[in-house]
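Per numbering that gives the first Met the number 0, the very first residue in the sequence shown carries number 0; after that it's consecutive.
Here a beta-carbon is modelled for each residue, glycine too, at the ideal position from N, C-alpha and C.
Remember, predicted model here, so these are calculated numbers, not experimental data.
So the structure is just underneath, and the comments pick up after that.
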Amino acid sequence: MPIMDMAPTLTELGERLARLRAELTRRGLAGFVTPRADAHQGEYVPPHDARLAWLTGFTGSAGTVIVLRDEAAIFVDGRYTLQVRDEVDTQLITPLPSMEISPEDWIAKNLKKDDRLGYDPWLHTPDGVARMQKACARAGAKLEPCTDNPVDAVWADQPPPPKAAIIPYPIEYAGEESSAKRARIAEAVTKTPAAATVLTMPDSIAWLLNIRGGDVTHSPLPLSFAILYADGRTELFLDPDKISDGLAAHLGDQVSLRDPGQLGPALDALGKQGRRVLLDTSTAASWISSRLEAAGAKLVAGADPCALPKARKNATEIAGMKKAHIRDGAALSNFLAWLDQAAAGGGLDEITASDKLQSFREATGCLRDLSFPTISGAGPNGAIVHYRASPKSNRLLEAGNLYLLDSGAQYLDGTTDVTRTIAIGNPSTEQCDRFTRVLKGHISLSTIRFPRGVTGAHLDVLARAALWKAGLDYDHGTGHGVGCYLGVHEGPQSISRRPNSVALEPGMIVSNEPGYYKQGAYGIRIENLVLVTEPQSIAGGERDMMGFAPLTLAPIDLRLVARALLSDEEAAWLNAYHRQVRESLTPLVDAGTKAWLASATRAI
Ligand code: ZN
Ligand code: ZN
């Protein structure tokens, strides 16, 4: 993985902050809010939009900084409380955990009467702006949209916006023509009832139009906006430099390519006609809702109409995901076989190991990108949930360590995300106990049968029960949705304690990733992607039940399994899973890996 080798110095960061404050003073603003987001609220942002990192040095995937005249605070969630202290100058910017104090509470407390707090309406959602407005009102202050971003005004060498070519995603991978998708989404939009919807999530646009792009790392996203009208006609707003040969022909005459500057007038036109427009106010830019309302449109707030249909994979997508997972599992197995040798020799470090894994994936000849930065954590680094190895943090894989490896790949036919925890040398009794409890949770979720209407929130406890019994737990969700050659994290379904009203449906893909983390010692996670199966009858039963089928195929380290802690049923699941791994991967792995794979997947 590429490592940031040009991290700004603390003096530079201080100068940037000073320049922003001077700009705010010039504009008569008391402060400015900078989130990590771009105009599409995605997980990864192009360098052009990496304002939070430029201004503060913080490189995590979520966070917000609020800069006032005399103070500044950066809000991060539990994943980043350690990292933020490493990266920002805490003399200049106070790191605050967002679960203890929200940016809104801080605004209400720290703004003074009649202060004007600026924000960029492209970078916040209508829901987010409403929350900030309330907070400002509590302080007697005013929230004010900035038509041009003051951070951009003082960022002299800001990289230009990305212009990666947008390419057709062929029907052999997509499985459904865009015209058919547009017809059924348009029908859903008219039922809300609205005459059009504005799509701002690039993954929704990619799915709807069967296109892919390359504007951000790790997800083949075409950064763009679209308006889908009730008759299925669609306008796609994008930088003309992104239009590749054949794109217009692929899209057909019902999809018009428009310059980004034409988005505003198109929204005005909807407003002038007094149209109802469906908009996801939790993901759209507030700039869009404001423009629509100013022009006279009536907003229908609702979920992005592509999100749920996109999550229900069709037969072609499922077949592609299966193929991608067999290919990826073979590459990972080649790596794991190599690792057993290399680690025994000593001197192997986290970065060398993750580079080697990438080279095995590259050797498939199909790798388009990694689906996220590899988490390669030895010993105590494995306990940092979103760890990313840097030259500074890089550790050796030493005897007695657990090695946590969470990685994934983007292939044309599918996206993967897999975590394995590997014993380096001989594991301790405690490590085996904890690993086996995590495995029991993984198996419990893998084997559950459930009726229609069940959500991931109902099932989350299954992955934790064996840990809870021993007074243990983990502080992250158990599962997230995954796209097909799209984002590695997608909704709307999830498996988590957080309330989520989206029922699991056949064709959905979720991760099953319980873990256990002992601060300063080791981390454990076992992650497979699983497919929700069609409801089937159970012998002697009355109601058809759905279930999960594993997509991820890679050995689970038997050296860490305490057999006595597993029931016979759980051991049978593990043996059946390993048989499937062996039978699927043996024909594909390198000759030298075959014997290793046979042993790593032996029945216990
Ligand atoms: Zn993962
Ligand atoms: Zn995952």
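Taking 7 Å as the cut-off, does the CB of S510 come closer than this to any heavy atom belonging to ligand 2?
yes
Which runs of the beta strand (DSSP E) fall wholly inside the region 153-187 and span at least 3 residues, in chain order?
none
Cutting at 6 Å between CB atoms, please list the residues of its own chain near H577, excluding the five before and the five after it.
T600
Just verifying my parser: in three-state terms, what is the DSSP assignment at K637?
With the chain covering 0 to 603 only, the question about residue 637 has no answer from this structure.
Stretch pair the region 452-460 + the region 491-500: three plus CB contacts closer than 8 Å:
yes
Between which two residues does the beta strand (DSSP E) harbouring Y79 extend?
That residue, Y79, is in no beta strand (DSSP E); it is neither H nor E in DSSP.
Work out the CA separation of K391 and D85 for me, nearest whole Å.
11 Å
Could you spell out where the beta strand (DSSP E) holding G490 opens and where it closes?
E489 to I494
Does DSSP put F449 in a helix, a strand or coil?
strand
Excluding the five sequence neighbours on either side, which residues of its own chain have a C-beta within less than 6 Å of the C-beta of G506, listed in chain order?
R311 and K312
Which value, in whole angstroms, describes the spacing of the CA atoms of T146 and Y118?
9 Å
For ligand 1, is there any heavy atom lying closer than 7 Å to the beta carbon of T418?
yes
Ranges of the beta strand (DSSP E) found wholly within the region 112-142, counting only runs of at least 3:
115-118
E526 beta carbon near ligand 1 (any heavy atom closer than 7 Å):
yes
Write down the C-beta distance between R137 and L28 rounded to the nearest angstrom, noting that I regard them as a contact closer than 8 Å.
About 19 Å separates the two Cβ atoms, so there is no contact after all.
Tell me T616's beta-bridge partners as DSSP assigns them.
Only positions 0 to 603 of the chain appear in the structure, and residue 616 is not among them; the question remains open.
Distance, Cα to Cα, N393 vs I65?
32 Å
Three-state secondary structure (DSSP) of M3:
Unreliable placement is indicated for M3, whose pLDDT of 39 sits below 50; no coordinate value is reported for it.
Taking Cβ positions, are Y521 and L338 nearer each other than 8 Å?
no
Inspect the beta-carbon positions of I204 and S178 and report whether they are closer than 8 Å.
no
Measuring CA to CA, which of H488, A343, A300 and R68 is closest to N109?
R68
Compare the Cα-Cα distances from T189 to each of E11, P304, M320 and Q90 and report the closest residue.
P304
Given Y172 as reference, the closest of G139, M320, G77 and M98 once Cα atoms are compared:
M320
I think V83 touches F57, with their Cβ atoms under 8 Å apart; what is that distance to the nearest whole Å?
5 Å
Determine the DSSP secondary structure at V580, reduced to helix, strand or coil.
helix
Which residues bound the beta strand (DSSP E) around F334?
Premise fails: F334 lies in the alpha helix (DSSP H), A314 to G344, not in any beta strand (DSSP E).
Verify the contact flag: D151, CB atom, against every heavy atom of ligand 1, threshold strictly below 7 Å.
no
Pull up the DSSP beta-bridge partners for M544, would you.
Q535
Are the CB atoms of A134 and R107 within a distance shorter than 8 Å?
One point to set straight first is that residue 107 is Ala, not Arg, in the sequence displayed. Going by C-beta atoms, A107 is nearer than 8 Å to A134.
Please determine whether the Cβ atom of H479 lies at a distance below 7 Å from any heavy atom of ligand 2.
yes
Closest by C-alpha distance to P96, when choosing among S332, V87, G77 and A284
G77
Indicate, with yes or no, if ligand 1 has a heavy atom lying under 7 Å from the CB of L376.
The sequence shown places Gly at residue 376, rather than the Leu named in the question. G376 Cβ: outside cutoff for every heavy atom of ligand 1.
For W467, the nearest candidate out of L54, K271, A265 and R433 (CA to CA):
R433
Considering only heavy atoms of ligand 1, does any lie closer than 7 Å to the CB of D605?
There is simply no residue 605 to check, as the chain begins at 0 and stops at 603 in what is shown.
Counting only the same chain and skipping the five closest in sequence on each side, list residues whose C-beta sits under 8 Å from that of K593.
T585
Residues sharing a beta bridge with L396, DSSP:
Answer is none; L396 lacks a bridge partner.
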